[in-house]
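FYI, my numbering numbers position 76 of the sequence shown as 149, with every residue one higher than the one before it.
Every residue, glycine too, gets a C-beta built ideally from N, C-alpha and C.
Inspection log for the structure reproduced underneath, given as structure tokens.
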Amino acid sequence: SDRGLSEEAEADCRQAVVLGGDELRVRLTRLTLQAAHADAGQAVSDTEQVLSEGDRTEAFIPYLAACVYSLAAGKIDPESQADMRNAYLARATELLEDAARKGMLELSFQWYNRLSELPALAPLRDYPAARKLVAKHRP
74 SDRGLSEEAE ADCRQAVVLG GDELRVRLTR LTLQAAHADA GQAVSDTEQV LSEGDRTEAF
134 IPYLAACVYS LAAGKIDPES QADMRNAYLA RATELLEDAA RKGMLELSFQ WYNRLSELPA
194 LAPLRDYPAA RKLVAKHRP
């Protein structure tokens with residue numbers, strides 16, 4: 074694949090669209106895989122493109138985009154590329170805040186618990202602004 078993903082992951086993403094999955098969600102899910110397993114920088118760039126095209130009202134879109142940025146940040150050396158890593162973490166936090174404003178807290182799962190559980194958000198765990206955001210929204 075041109076994204077560096079396994080053929081199986083690509084096939085799953087294509088099948089999700091065929092089965093009626095939301096195209097933006099599927100594209101962002103593919104980008105989370107790309108950020109984790111292939112070209113994280115390209116995944117970040119492509120994520121901004123998806124966000125510029127997408128539904129600006131749905132909460133799950135910025136949430137998935139935050140996962141892409143978090144995963145990309147996790148692949149960056151915190152010492153030699155600290156500025157880029159912090160920029161990615163800041164953008165991930167912004168996107169999580171956007172998801173919260175759009176009603177993510179009203180969804181059936183408690184997304185704020187995912188900061189401590191979801192591997193895609195692991196790089197955000199020690200980022201002060203993300204911790205503050207989670208604390209602000211925890212019931």
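Nearest-angstrom Cα separation, counted from residue j out to residue i
| i | j | result |
| --- | --- | --- |
| LEU106 | ASP171 | 22 Å |
| LYS175 | LEU194 | 19 Å |
| ALA111 | ALA146 | 13 Å |
| ALA113 | ASP95 | 23 Å |
| ARG98 | ASP199 | 27 Å |
| PRO196 | ALA163 | 11 Å |
| TYR161 | SER143 | 7 Å |
| MET214 | ALA108 | Outside the modelled stretch of the chain, which goes from 74 to 212, sits residue 214, for which no answer is possible. |
| LEU124 | ARG103 | 14 Å |
| VAL207 | MET177 | 12 Å |
| LEU169 | PRO201 | 14 Å |
| SER118 | PRO135 | 14 Å |
| PRO192 | SER153 | 23 Å |
| ALA138 | THR120 | 6 Å |
| LEU101 | LYS205 | 25 Å |
| ASN159 | ALA173 | 21 Å |
Residue i - DSSP class collapsed to helix/strand/coil
| i | result |
| --- | --- |
| SER153 | coil |
| LYS209 | helix |
| GLU131 | coil |
| GLY176 | coil |
| TYR142 | helix |
| ASP199 | coil |
| LEU191 | coil |
Endpoints, alpha helix (DSSP H) assigned at residue i
| i | result |
| --- | --- |
| LEU101 | 96-110 |
Original post:
Are at least three pairs of beta-carbons, each pair with one atom in the segment 146-164 and one in the segment 125-133, less than 8 Å apart?
Top reply: No contact exists between the segment 146-164 and the segment 125-133.
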